[in-house]
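Engineer: Heads up, the sequence shown is in the working numbering, so the first residue is 2 and it goes up one at a time.
We put the CB at the ideal spot given by N, CA and C, even for glycine.
In this text the structure is predicted, and so the values were computed from the model without any measurement.
Would you mind keeping the following structure in view while I ask a few things?
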Amino acid sequence: MTLSSYLQGNNQSKDFIDMIQVIVDQIKPIKTEFLGGDKKAGTYNLYGEEQIKLDKRANEILLTAFKSSGLVKQAGSEEEADVIHMESTRGHFGVTIDPLDGSSLIPTNLAVGIIVSIYENGEIMSGLSNIKSAFYILLGPLTLMVFADQSGVSQFVLNDEGVFDLVKEDMKLSEDGKLYSPGGLYTKWTEKHKQLIKSYEEAGLKLRYSGSFVPDFHQILTYGGIFSYPALIEKPEGKLRVLFEVGPMSFIAEAAGGAASDGVKRTLEIVPNKVDHRTPVYIGSKNLVSEAIEKLK
Numbered sequence: 002m003t004l005s006s007y008l009q010g011n012n013q014s015k016d017f018i019d020m021i022q023v024i025v026d027q028i029k030p031i032k033t034e035f036l037g038g039d040k041k042a043g044t045y046n047l048y049g050e051e052q053i054k055l056d057k058r059a060n061e062i063l064l065t066a067f068k069s070s071g072l073v074k075q076a077g078s079e080e081e082a083d084v085i086h087m088e089s090t091r092g093h094f095g096v097t098i099d100p101l102d103g104s105s106l107i108p109t110n111l112a113v114g115i116i117v118s119i120y121e122n123g124e125i126m127s128g129l130s131n132i133k134s135a136f137y138i139l140l141g142p143l144t145l146m147v148f149a150d151q152s153g154v155s156q157f158v159l160n161d162e163g164v165f166d167l168v169k170e171d172m173k174l175s176e177d178g179k180l181y182s183p184g185g186l187y188t189k190w191t192e193k194h195k196q197l198i199k200s201y202e203e204a205g206l207k208l209r210y211s212g213s214f215v216p217d218f219h220q221i222l223t224y225g226g227i228f229s230y231p232a233l234i235e236k237p238e239g240k241l242r243v244l245f246e247v248g249p250m251s252f253i254a255e256a257a258g259g260a261a262s263d264g265v266k267r268t269l270e271i272v273p274n275k276v277d278h279r280t281p282v283y284i285g286s287k288n289l290v291s292e293a294i295e296k297l298k
């Protein structure tokens, strides 16, 4: 079954299916940009990070496609400082993107990804509870899409014709897990977080961390476990962005029967107060996330 057929079977609207296809159609031109290398663009994103040309090009490719589609009311990108209001007569979706998560890993040929969330009400600042669907595209040995909506989570693989075929349906996160994926520098962790990570080591969980959220989370989804990027001593708000990373991944985790928390509450309860709103995150198998919340008190 193709992605398009799957979405039709889930009673998604034509506009929604077209919106997903607009993004899918940009995978090939984005991957083509990989051949140009990872040179710096000489510009900086909202967070003071020097933009790699690949980040900037992926961002341009996707935003241009959104504008041309006439389907998008608002867009937000990790590479842009403000919400982008699209001039469209019929656009009603709000879309957020991390256009190329983990792009600094491309020179080493490690997997990277694209992260997307879609708001049916068109208002991307209205709160993570208004996400209608979310998905990521994992650019590795295979090009995979993990798609979540109200019906659950499914995985697709891109075939030789450039079409996504369904390979796994109704994916579920195990309640426990085998892996832990800890972000941030050890020296910057709080003592409670250090003790939490130590407990994983003592329990025999295996460490898997590449520095790219998409492949790291995909391992957690596949095998069970927990990904964390905590509050840091000098940065209690954490590093990951609510709109572009934490929101969509939390939606996927919960749709798969897992959990996502900032250490106190569900991350999907967050209403961002600015585009670069950040939060700590503990995401993955339900029991491990619950255990983390208890140990962080």
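1) For the beta strand (DSSP E) holding Pro108, just list the boundary residues, first then last.
2) Output yes or no for whether 8 angstroms exceeds the beta carbon distance between Val113 and Ile119.
3) Cα-Cα, which of Gly258, Asp19, Ser127 and Glu235 is closest to Val272?
4) Below 8 angstroms, how does it come out for the region 141–161 and the region 266–281: are there three or more Cβ pairs, yes or no?
5) Return the first residue and the last residue of the alpha helix (DSSP H) that Pro216 is part of.
6) If we count the other Cβ atoms within 10 Å of its Cβ and call it buried at 16 or more, is Leu129 buried or exposed?
7) In angstroms, rounded to a whole number, what distance separates the CA positions of Ala261 and Ile294?
8) Could you check which residue in Phe245, Ile18 and Pro231 has the C-alpha nearest to that of Lys296?
9) Going by C-alpha distance, which of Glu61, Arg91 and Met146 is nearest Tyr7?
10) I'd like to confirm the pairing. Which residues does DSSP put opposite Leu167 in its beta bridges?
11) Touching or not, the region 176–190 and the region 222–237, by the rule of three or more beta carbon pairs under 8 angstroms?
12) Using the beta-carbon count (16 or more within 10 Å), is Lys74 buried or exposed?
13) Measuring alpha carbon to alpha carbon, tell me which of Lys29, Asn12, Met20 and Phe17 ends up nearest Asn164.
14) From what residue to what residue does the beta strand (DSSP E) around Ala76 run?
15) Can you grab the Cα-Cα spacing for the pair Ser175 / Met250, in whole Å?
16) Tell me whether the beta-carbon of Ile115 lies closer than 8 angstroms to the beta-carbon of Ile98.
17) Between Val282 and Ile227, how many whole angstroms is the CB-CB distance? I'm expecting something under 8 angstroms.
18) Could you compute how far the alpha carbon of Leu180 sits from the alpha carbon of Glu81?
19) What do you reckon, are the CB atoms on Glu61 and Phe245 nearer than 8 angstroms?
20) Using the rule of at least 16 other Cβ atoms within 10 Å of the residue's Cβ for burial, across every protein chain shown, is Thr65 buried or exposed?
21) Measure how close the beta-carbons of Phe252 and Ala149 come, nearest whole angstrom, since I'm counting them as under 8 angstroms.
22) Beta strand (DSSP E) containing Tyr7: first to last residue?
23) Between the C-alpha atoms of Ile31 and Lys15, what's the straight-line distance to the nearest angstrom?
24) Do Gly141 and Pro237 have their C-beta atoms within less than 8 angstroms of each other?
25) What do you get for Glu170, buried or exposed, if any count of 16 or more other CB atoms within 10 angstroms of its CB means buried?
26) When burial is assigned at 16 or more other CB atoms within 10 Å of the CB, is Arg242 buried or exposed?
27) Let's test the definition: count the other Cβ atoms within 10 Å of the Cβ of Gln13 and tell me whether it reaches 16, buried, or not, exposed.
28) Could you check if Ala204 is buried or exposed, using at least 16 other CB atoms within 10 Å of its CB as the buried criterion?
29) Check whether the Cβ atoms of Lys222 and Ala257 sit closer than 8 angstroms, and answer yes or no.
30) Once the 5 residues before and after Ser286 are set aside, which same chain residues still bring their CB inside 7 angstroms of it?
31) Could you pull the DSSP bridge partners for Ala208 from this structure?
Structural biologist: With the structure as the only source:
1) The count along the sequence shown starts at 1 and reaches residue 108 at position 107. Element bounds for Pro108: n/a, residue is neither H nor E.
2) The residue you call residue 113 lines up with position 112 of the sequence shown. The residue you call residue 119 lines up with position 118 of the sequence shown. Going by C-beta atoms, Val113 is not nearer than 8 angstroms to Ile119.
3) What you label residue 272 is simply residue 271 of the sequence shown in a count that begins at 1. Considering only alpha carbons, the answer is Ser127.
4) Contact fails: fewer than three Cβ-Cβ distances are below 8 angstroms.
5) Within the sequence shown, numbered from 1, the residue matching residue 216 stands at position 215. Pro216 -> alpha helix (DSSP H) spans Phe214 to Tyr224.
6) Mapped onto the sequence shown, residue 129 falls at position 128. It counts as buried.
7) Residue numbering aside, residue 261 sits at position 260 when the sequence shown is read from its first letter. Residue numbering aside, residue 294 sits at position 293 when the sequence shown is read from its first letter. Each residue's alpha carbon lies about 10 angstroms from the other.
8) In the sequence shown, counting from the first residue as 1, residue 296 sits at position 295. It is Pro231.
9) As a position in the sequence shown, residue 7 is number 6, starting the count at 1. Selected option, being the one with the closest Cα: Met146.
10) Here the question's residue 167 lines up with position 166 in the sequence shown. BP columns for Leu167 point to Phe157.
11) yes
12) The sequence position of residue 74 within the sequence shown is 73, counting from 1. Burial call: buried.
13) Numbered from its first residue, the sequence shown carries residue 164 at position 163. Note that residue 164 is Val in the sequence shown, not Asn. Residue Lys29 is the option with its Cα nearest to Val164.
14) Your numbering for residue 76 matches position 75 in the sequence shown. Judged by DSSP secondary structure, Ala76 falls within the beta strand (DSSP E) whose first and last residues are Val73 to Ser78.
15) Translated into positions along the sequence shown, residue 175 becomes position 174. Translated into positions along the sequence shown, residue 250 becomes position 249. The straight-line gap from Cα to Cα measures roughly 16 angstroms.
16) Looking up residue 115 in the sequence shown gives position 114. Looking up residue 98 in the sequence shown gives position 97. In contact: Ile115 and Ile98 (Cβ atoms closer than 8 angstroms).
17) Taking the sequence shown and counting its residues from 1, the one referred to as residue 282 is at position 281. Taking the sequence shown and counting its residues from 1, the one referred to as residue 227 is at position 226. Rounded, the Cβ-Cβ distance is 10 angstroms, inconsistent with contact.
18) Residue mapping note: residue 180 aligns to position 179 of the sequence shown, counting from 1. Residue mapping note: residue 81 aligns to position 80 of the sequence shown, counting from 1. Each residue's alpha carbon lies about 33 angstroms from the other.
19) Locating residue 61 in the sequence shown gives position 60, where the first residue counts as 1. Locating residue 245 in the sequence shown gives position 244, where the first residue counts as 1. The answer is no: Cβ separation not under 8 angstroms.
20) Indexing the sequence shown from 1 puts residue 65 at position 64. Thr65 comes out exposed.
21) On the sequence shown, residue 252 is found 251 positions in, with the first residue counted as 1. On the sequence shown, residue 149 is found 148 positions in, with the first residue counted as 1. The Cβ separation is near 6 angstroms, so the contact holds.
22) Your numbering for residue 7 matches position 6 in the sequence shown. Where Tyr7 is concerned, there is no enclosing beta strand (DSSP E), although the alpha helix (DSSP H) it sits in stretches over Leu4 to Gly10.
23) Translated into positions along the sequence shown, residue 31 becomes position 30. Translated into positions along the sequence shown, residue 15 becomes position 14. Approximately 25 angstroms, taken between the alpha carbons.
24) Here residue 141 refers to the residue found at position 140 when the sequence shown is read from its first residue. Here residue 237 refers to the residue found at position 236 when the sequence shown is read from its first residue. No, the pair does not count as a contact, with Cβ atoms beyond the cut-off.
25) For the purposes of this step, residue 170 is taken as the residue at position 169 of the sequence shown. Label assigned to Glu170: exposed.
26) The residue given as residue 242 occupies position 241 in the sequence shown. By the neighbour-count rule (16 or more Cβ atoms within 10 Å), Arg242 is buried.
27) On the sequence shown, residue 13 is found 12 positions in, with the first residue counted as 1. Buried, since its Cβ has 16 or more Cβ neighbours within 10 Å.
28) Taking the first residue of the sequence shown as 1, we reach residue 204 at position 203. That one is exposed.
29) Residue 222 sits at position 221 when you count from the first residue of the sequence shown. Residue 257 sits at position 256 when you count from the first residue of the sequence shown. According to the sequence provided, residue 222 is Leu. The question's Lys does not apply to it. In contact: Leu222 and Ala257 (Cβ atoms closer than 8 angstroms).
30) Here residue 286 refers to the residue found at position 285 when the sequence shown is read from its first residue. The residues are Leu174, Ser175, Glu176, Asp177, Gly178, Gly225, Gly226, Ile227 and Gly259.
31) Position 207 of the sequence shown, counting from 1, holds the residue named residue 208. Inspection of the sequence shows that residue 208 is occupied by Leu rather than by Ala. In DSSP, Leu208 forms a bridge with Tyr181.
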